[in-house]
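Chemist: Take a look at the following structure, please.
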Amino acid sequence: MGHNTSRSGYEKLVDRLNKFPQGVPPSDTLYEILKLLFSEEEAKLVSLLPIKPFTTKTAAKAWKKSEAEASVVLNELASRALLVDVERDGNQTFSLPPPMAGFFEFSMMRIGGNFDQKLLGELFYQYMNIEDEFVTDLLTLPTPIGRAYVHEETIEDHMIHVLDYERATKVIKTATHIGIGTCYCRHKKEHVGEACDAPMEICMTFNQTAASLIKYGYARQVEEEECLDLLELAKKHNLVQFGDNVQNEVAFICNCCSCCCEALVGARKVGPYQAINSSNFICNIIDDNCKGCQKCVDVCPVEALSMVSRNLPNSKKMLAQLVEENCIGCGVCARVCGSDAIKMNPRDQKVFTPVNMAHRVVLEAIETGKLQNLIFDNQAHFRHRALASILGAILKLPVIKQTLASKQVKSKYILKLIQNKNSKIVNSHILKD
Ligand code: SF4
Ligand code: SF4
Ligand code: SF4
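Take any residue in the sequence shown, count from 1 to its spot, add 181: that is its number in the numbering used here.
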């Protein structure tokens, strides 16, 4: 194996990827995947790139190449969706997305694509479904990477209290760009002969991520109406809307089946409420209305429902029952119940949702003990004194206290600081300076 020789480009790339809060446990399969995606020279070059978005000039400096030479490499990597290319203030910037939700998926979001997708599909299956350390680590991050959206028609009585970021329709209606790509999970399963019949061309990307994927042919640009139609189609197939766990600048909403979706399959293993941020709603069974048909049990993606006996003398009548801690508040059960026996009720406590990607990355970095990587890599932090002093203080804490520190980053004070439109922090999105 290439990685057994000292410090191959691929080993350096793995080290670089492991600077992210979500890492990639090394294995022979991982190296096979990376060899399909990157040449060894590309792997070495990518390992030198910063965590924060960067310009061609920065890459040229890191690579000791001319800007013209660096530009050729960057555009080639972006054209294979291994880098995301974003236009900011008229300037082209690039960033290396994490493996998930990121370049692992993007490589399978276009049928045909640049890679041997049959082999890739088999390798992803091996890496994520057989050797499951990667998915388990990803889904046990204290701040989950994804959150469930509730089917809006099941909460009509509560609409007045629902915030914009809680509605998939609002994400669609406010996106600057909308791209539709191939569902990575079902595409991967297709290559191992296990795909289901849920729609395949239905992975939704938004805003700058969509713009980059559209530019390089990894997603098809659509208008709001078509995306809303696809959302309806997804609901008809009882698919769960699972998106970026952020309030603003949502990059993706997946329409997930319980059989193929990496996140839902993994969630059933590690515990759904731990793996996926719930919506702010929870299923509530009205026992008197339940006819015991079991439809809700069959569609619940995380096995939060089961049938139990009504315990009536001389009767085999059954009733649906909820395991509350497993419910992710998707509302799929309420849609299929024809007996008005399921109501989606607001949760007693609002679920914490990071304001934006930067907020989530900082939290995850604290929670995984990788905050040092983020700050060391990103000198821009030190220009924002408020955040720098908070992060500096966190770094001085012993590891056990750093875990507690994540609660401080979740505090209302920090939320306000990040939400403040005039704050330099929001203008720079912390990592995007
Ligand atoms: S997360 Fe869901 S929609 Fe996205 S790629 Fe996987 S199954 Fe498809
Ligand atoms: S779908 Fe409705 S009626 Fe059927 S078991 Fe579930 S709650 Fe009861
Ligand atoms: S019980 Fe299952 S289907 Fe119903 S809202 Fe909860 S997670 Fe979704």
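The beta carbon of each residue, even a glycine, is placed where N, CA and C say it ideally should be.
Because the structure is a prediction, the values reported are computed rather than measured.
For Cys-435, which residues does DSSP report across the bridge?
Modeler: Phe-423
Chemist: Using a 10 Å radius around the Cβ and a threshold of 16 neighbouring Cβ atoms, would you call Leu-300 buried or exposed?
Modeler: With fewer than 16 other Cβ atoms within 10 Å, it is exposed.
Chemist: If you draw a straight line from the alpha carbon of Arg-188 to that of Ala-240, how long is it in whole angstroms?
Modeler: 21 Å
Chemist: Quick check: does the Cβ of Gly-424 come within less than 7 Å of any heavy atom belonging to ligand 3?
Modeler: Incorrect: Gly-424 has no Cβ contact closer than 7 Å to ligand 3.
Chemist: Can you find at least 3 beta carbon pairs, one from the region 388-400 and one from the region 309-328, that sit closer than 8 Å?
Modeler: no
Chemist: Using only the heavy atoms of ligand 2, determine whether one of them is closer than 7 Å to the beta carbon of Val-195.
Modeler: no
Chemist: Please find out if some non-hydrogen atom of ligand 3 comes closer than 7 Å to the beta-carbon of Ala-672.
Modeler: Past the edges of the chain, shown from 182 to 614, lies residue 672, and the structure says nothing about it.
Chemist: DSSP state of Ala-376, grouped into three classes?
Modeler: coil
Chemist: With DSSP as the reference, please indicate the residues paired to Pro-527 in a beta bridge.
Modeler: Residue pairing from DSSP places Pro-527 in a beta bridge opposite Phe-462.
Chemist: Suppose contacts are defined by Cβ-Cβ distances below 8 Å. Is Phe-235 in contact with Phe-275 by that definition?
Modeler: yes
Chemist: On the CB-based measure, 16 or more other CB atoms within 10 Å of its CB, does Ser-496 come out buried or exposed?
Modeler: With fewer than 16 other beta carbons inside 10 angstroms of its own, Ser-496 counts as exposed.
Chemist: Can we count Leu-486 as close to ligand 3, meaning its CB is less than 7 Å from some heavy atom?
Modeler: yes
Chemist: Which whole-angstrom value describes the C-beta separation of Gly-327 and Ile-457, a residue pair presumed to lie in contact below a C-beta threshold of 8 Å?
Modeler: 6 Å
Chemist: Please confirm whether Val-331 and Gly-512 have their CB atoms less than 8 Å apart.
Modeler: It is a contact, given that the beta carbons lie within the stated cut-off.
Chemist: Say yes only if the C-beta of Cys-441 is nearer than 7 Å to one or more non-hydrogen atoms of ligand 2, and no if none qualify.
Modeler: no
Chemist: Name the DSSP beta bridge partners of Met-488, please?
Modeler: Checking the DSSP bridge columns, you'll see Met-488 partnered with Ala-501.
Chemist: Could you work out which residue in Ser-460, Gln-307, Val-265 is closest to Gly-398 when comparing CA atoms only?
Modeler: Val-265
Chemist: How would you call Asp-270, buried or exposed, if buried means at least 16 neighbouring beta carbons within 10 angstroms?
Modeler: exposed
Chemist: Is the beta carbon of Leu-277 closer than 8 Å to that of Phe-219?
Modeler: no
Chemist: Should the region 525-536 be regarded as contacting the region 471-480, the criterion being three or more beta carbon pairs within less than 8 Å?
Modeler: no
Chemist: Let's test the definition: count the other Cβ atoms within 10 Å of the Cβ of Pro-494 and tell me whether it reaches 16, buried, or not, exposed.
Modeler: exposed
Chemist: Candidates Tyr-346, Lys-245, Thr-357, His-418: which alpha carbon is nearest Cys-377's?
Modeler: Checking every option, the nearest Cα to that of Cys-377 belongs to His-418.
Chemist: For ligand 3, any of its heavy atoms closer than 7 Å to the Cβ of Cys-481?
Modeler: Checking the Cβ of Cys-481 against ligand 3 gives yes.
Chemist: If you run the structure through DSSP and keep just helix, strand and coil, what is Gln-307?
Modeler: helix
Chemist: Could you have a look at Val-478 and say whether DSSP puts it in helix, strand or coil?
Modeler: helix
Chemist: Going along the chain, which residues of its own chain have a beta-carbon closer than 6 Å to the beta-carbon of Glu-334, five neighbours each way excluded?
Modeler: none
Chemist: Taking 8 Å as the threshold, find out whether the region 223-238 comes into contact with the region 194-212 through three or more Cβ pairs.
Modeler: yes
Chemist: Can you tell me whether Gln-273 is helix, strand or coil according to DSSP?
Modeler: strand
Chemist: For a test of your reading of the model: does the CB of Val-513 fall under 7 Å from any non-hydrogen atom of ligand 3? Yes or no.
Modeler: yes
Chemist: Which partner residues of Ile-361 appear in the DSSP bridge assignment?
Modeler: Met-385, Arg-401
Chemist: Distance check for Val-253 and Cys-440, CA to CA, integer angstroms please.
Modeler: 40 Å
Chemist: Give the list of continuous alpha helix (DSSP H) stretches no shorter than 4 residues that lie fully inside the region 185-212.
Modeler: 190-198
Chemist: So for Asn-559, helix, strand or coil by DSSP?
Modeler: The predicted position of Asn-559 is uncertain, since its pLDDT is 46 and thus under 50; a value taken from the coordinates is nonetheless stated next. DSSP places Asn-559 in coil when its eight states are reduced to three.
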